[in-house]
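Chemist: I am attaching a structure below and will ask some questions about it afterwards.
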Amino acid sequence: MKNTQINNAWQGSDRCENCSIRHLVLFSDLQQSDFDQIHLPIDDIDYSSGSTIYEQGGHIDHVYTIRSGLVKLVQHLPDGKLRIVRILGQGELLGIESLDSHRAEHKAISLDPVQLCRIPHSVVSSLQQNSPRIHGALMERWKKTITMADLWITQLSTGKIKSRVARLLLLLKQNSQDDDSLYMPTREDIGNILGITTESASKVTAEFKRNGWLKLLAHNHAWVDEKQLSLL
Numbered sequence: 063m064k065n066t067q068i069n070n071a072w073q074g075s076d077r078c079e080n081c082s083i084r085h086l087v088l089f090s091d092l093q094q095s096d097f098d099q100i101h102l103p104i105d106d107i108d109y110s111s112g113s114t115i116y117e118q119g120g121h122i123d124h125v126y127t128i129r130s131g132l133v134k135l136v137q138h139l140p141d142g143k144l145r146i147v148r149i150l151g152q153g154e155l156l157g158i159e160s161l162d163s164h165r166a167e168h169k170a171i172s173l174d175p176v177q178l179c180r181i182p183h184s185v186v187s188s189l190q191q192n193s194p195r196i197h198g199a200l201m202e203r204w205k206k207t208i209t210m211a212d213l214w215i216t217q218l219s220t221g222k223i224k225s226r227v228a229r230l231l232l233l234l235k236q237n238s239q240d241d242d243s244l245y246m247p248t249r250e251d252i253g254n255i256l257g258i259t260t261e262s263a264s265k266v267t268a269e270f271k272r273n274g275w276l277k278l279l280a281h282n283h284a285w286v287d288e289k290q291l292s293l294l
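Numbering (this note's numbering), first residue to last: 63 to 294.
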């Protein structure tokens, strides 16, 4: 079983208001009067790599802000296969769809050590009712979720396999917090993102490495030649 640790549960405004990534997260535009309405604990949780945060179809009463690390959203299909539909990083919101249904549409799995803030639905609902700022922030998150879902479909589901792998790496580089590298998915994960076989993913990445367009680095990261990949 993968390790999960709740570092602390805290209540009130100080921690949110002084968060080092506040400019990236759901509460970025809140003012002191809004923070004063937070009366339930918000858990700061560490997950080790490969941990399940929540299960597809499961009942959840929280949303999660990613403070650090990466999380993949996995959808199990009726035929038993699975697809990775998104990879989310720092500042992004997990489980936004559950605010309406209390049901998780995907399985969320940490790709590396991840730190999350777990926010009760009731806190978000209360703020949404009393603050136009949180309502606007949620609308922006929904819009981003829809935009990214459309982007993954249009960019990663059509065209030749080599081009789709290149687009995936460029998309990961675009969303990387590191200026010089990107998170490098496993060959199996590349296959599950693009709907191709692991063998096909291995052949293409091996070709990229031979051509000097892809260099594997430590800690599941890689460097890519963005100019060359963009030509494919």
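Quick reminder that beta carbons are idealized off the backbone N, C-alpha and C, glycines included.
Please go through the same chain and pick out, in chain order, the residues whose beta-carbon is closer than 8 Å to the beta-carbon of MET210, but skip the five residues on each side of it.
Modeler: The residues are ARG148.
Chemist: Please confirm whether VAL125 and LEU150 have their CB atoms less than 8 Å apart.
Modeler: Their beta carbons are not under 8 Å apart, which means VAL125 does not touch LEU150 by this criterion.
Chemist: Compute the Euclidean distance between the alpha carbons of LEU38 and PRO182, then round it to the nearest angstrom.
Modeler: Here the chain has residues from 63 to 294 only, and residue 38 is not among them.
Chemist: Taking the alpha-carbon positions, what's the GLN290 to GLN217 distance?
Modeler: Between GLN290 and GLN217, the C-alpha separation is close to 17 Å.
Chemist: Closest to ASP174 by CA distance: which of ILE128, GLU288, THR260, ILE104 is it?
Modeler: If we check each option's Cα against that of ASP174, ILE128 comes out closest.
Chemist: Taking 8 Å as the cut-off, decide whether the C-beta atoms of LEU244 and LEU256 are in contact.
Modeler: Against a cut-off of 8 Å, the Cβ pair of LEU256 and LEU244 comes out as no contact.
Chemist: Compute the distance between the beta-carbons of GLY119 and ALA166, then report whether it is under 8 Å.
Modeler: Yes, the pair counts as a contact, with Cβ atoms nearer than the cut-off.
Chemist: Spatial neighbours of SER31 within its chain, please: C-beta separation below 8 Å, excluding the five flanking residues on both sides.
Modeler: Because the chain spans 63 through 294 in this model, residue 31 falls outside it and cannot be assessed.
Chemist: For LEU293, which residues in the same chain have their Cβ closer than 8 Å to its Cβ, ignoring the five residues on either side in sequence?
Modeler: None.
Chemist: Answer yes or no: do LEU232 and GLU288 have a C-beta to C-beta separation smaller than 8 Å?
Modeler: Contact flag set, yes.
Chemist: Let me confirm a value: ILE208 is counted as buried when at least 16 other C-beta atoms fall within 10 Å, else exposed. Which label applies?
Modeler: It counts as exposed.
Chemist: DSSP has PRO182 in a bridge; who is on the other side?
Modeler: Paired residues: HIS124.
Chemist: Classify LYS289 as helix, strand or coil using the three-state DSSP reduction.
Modeler: Of the three classes helix, strand and coil, the one that applies to LYS289 here is helix, per DSSP.
Chemist: Between THR260 and the rest of its own chain, which residues show a CB-CB distance below 7 Å, the 5 nearest in sequence each way excluded?
Modeler: The residues are ARG249, GLU250, GLY253.
Chemist: Is ASP251 helix, strand or coil when you go by DSSP?
Modeler: Reduced to three states, the DSSP call for ASP251 is helix.
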